[in-house]
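Residue numbers (numbering that gives the first Met the number 0): 0 to 277.
For each residue, glycine too, the CB sits at the ideal point set by N, CA and C.
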Amino acid sequence: MPARTIEGFLRPLLAALLCDPELSTSSRCADLALRAFAGGRLCVPEGGAEALPELLAQTLPPGTVRTGVRVTSVSTTSVTTAEHGAIRCRAVLLATDARAAAELLPGLRVPDFHPVTVLHHTTDDPAAAFATGTSLLLDADRGGPVAHTAVLSNVDPSRAPAGRVLISSTVLGAPSDGIDTAVRIHLSRLYGTSTRRWETLAVHHTPEAVPAMRPPHDLRRPVRLLAGLYVCGDHRDTSTVQGALHSAHRAAAAVLADLGAAGSMHRSDPAPTLPRAA
């Protein structure tokens with residue numbers, strides 16, 4: 000490829016897909032990211048990131064999912080919680096981030112991470128709404144802190160009130176002081192409109208957003224630790240949504256195989272009965 004194509008498109012695209020501005024990622028993982036990008040389209044879940052797990056939970060029998068419970072330890076036959084003591088089980092599948100998994104299962108590797116900051120702005124300026132349509136805007140010139148940005152309300156109108164638009168922008172690496180001001184200046188150039196009237200809704204910084212995949216990276220880390228004890232997440236596969244889902248599929252298949260499951264697996268202890276307040 001011409002140098003202009005590599006520097007002006009391929010490098011910033013890979014940095015955005017891998018959340019790795021230095022491109023220290025294994026080339027095998029970069030190849031997989033490009034293959035997934037070329038073979039499909041970008042998408043976001045309608046209604047926000049929490050919509051997918053909520054839809055999955057709705058298909059399960061009542062009482063299957065318990066939230067607001069802090070787990071303190073796990074074994075092949077029980078999960079110990081701070082609020083309800085031990086809950087007996089036939090198998091445990093730990094689906095958390097890498098650090099939380101290592102805290103519950105000492106000995107698991109904790110990788111390095113790529114930090115990511117996401118900023119959300121809203122405005123009633125119609126120029127912003129029609130600047131890029133439903134496309135993801137990639138900063139090929141790397142003339143500011145924003146790696147990529149999009150008018151998300153053009154894709155999912157439910158994310159913004161009527162008459163307003165929602166712009167979400169991603170900054171790779173640790174944010175500097177005055178990040179919102181620097182991002183506004185950069186977005187003004189990218190969208191070709193003033194951002195003075197834009198309202199900052201939120202700035203979310205995640206220091207351990209994406210596990211690093213430096214070479215040599217194991218694309219298929221074991222998900223079956225023991226018979227009855229399993230772990231999945233983006234830290235067991237590739238550090239992408241697809242990788243997290245693929246590791247979950249591998250872990251679920253291992254659970255079913257080990258338990259010889261042929262019917263429904265929706266069986267657990269009944270929810271503990273808490274004493275009523277006087």
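DSSP puts residue i in a beta bridge; with which residues?
i             : result
leucine 228   : Val91 and Leu225
threonine 194 : Paired residues: none, contrary to the question.
threonine 79  : Ser72 and Ala85
leucine 136   : Thr148
Taking DSSP as the reference, what is the three-state secondary structure of residue i?
i             : result
valine 254    : helix
serine 238    : coil
serine 70     : Note on identity: in this sequence residue 70 is valine, with serine being the wrong assignment. It is a strand residue.
arginine 275  : Confidence is the limiting factor: at arginine 275 the pLDDT is only 49, short of 50, which leaves the residue's position unreliable and the question unanswerable from this model.
glycine 129   : In the sequence as displayed, the identity of residue 129 is phenylalanine instead of glycine. Of the three classes helix, strand and coil, the one that applies to phenylalanine 129 here is coil, per DSSP.
glycine 84    : strand
arginine 108  : coil
threonine 4   : helix
threonine 148 : strand
proline 114   : strand
threonine 121 : strand
histidine 216 : coil
valine 182    : helix
aspartate 188 : Contrary to the premise, residue 188 reads as arginine rather than aspartate in this sequence. Note: arginine 188 maps to helix in three-state DSSP.
aspartate 176 : coil
alanine 161   : coil
arginine 141  : coil
With residue i as the anchor, note down where its beta strand (DSSP E) starts and where it stops.
i             : result
glutamate 198 : 198-210
leucine 171   : 164-171
Could you spell out where the alpha helix (DSSP H) holding residue i opens and where it closes?
i           : result
alanine 101 : 97-103
serine 152  : 151-154
proline 11  : 10-17
Between the Cα of residue i and those of the options, spot the shortest distance and give me the residue it belongs to.
i                 : options                           : result
leucine 118       : Arg10, Leu171, Arg196 and Cys88   : Leu171
aspartate 257     : Asp233, Leu225, Leu244 and Ser238 : Leu225
threonine 239     : Ser26, Ala35 and Gly62            : Ala35
aspartate 138     : Ser72, Pro60, His216 and Val182   : Val182
arginine 223      : Thr122, Thr116, Ala211 and Leu104 : Leu104
valine 230        : Ala126, Pro44, Gly47 and Ser74    : Ser74
phenylalanine 129 : Asp140, Leu165, Pro174 and Val68  : Leu165
threonine 95      : Ala161, Gly232, Asp155 and Val64  : Gly232
threonine 24      : Leu244, Pro221 and Pro210         : Pro210
proline 114       : Cys28, Thr122 and Glu21           : Glu21
leucine 228       : Ala100, Ala126, Ala161 and Ala208 : Ala100
Can we count residue i as close to the ligand MG, meaning its CB is less than 7 angstroms from some heavy atom?
i          : result
proline 60 : Annotation note on the ligand MG: not contained in the displayed structure, which lists no ligands.
Taking only runs of the alpha helix (DSSP H) that begin and end inside the segment 23-58, which ones reach a length of at least 4 residues, in chain order?
-> Counting only runs of 4 or more residues that sit fully inside the segment 23-58, the alpha helix (DSSP H) segments are 26-38 and 50-57, in chain order.
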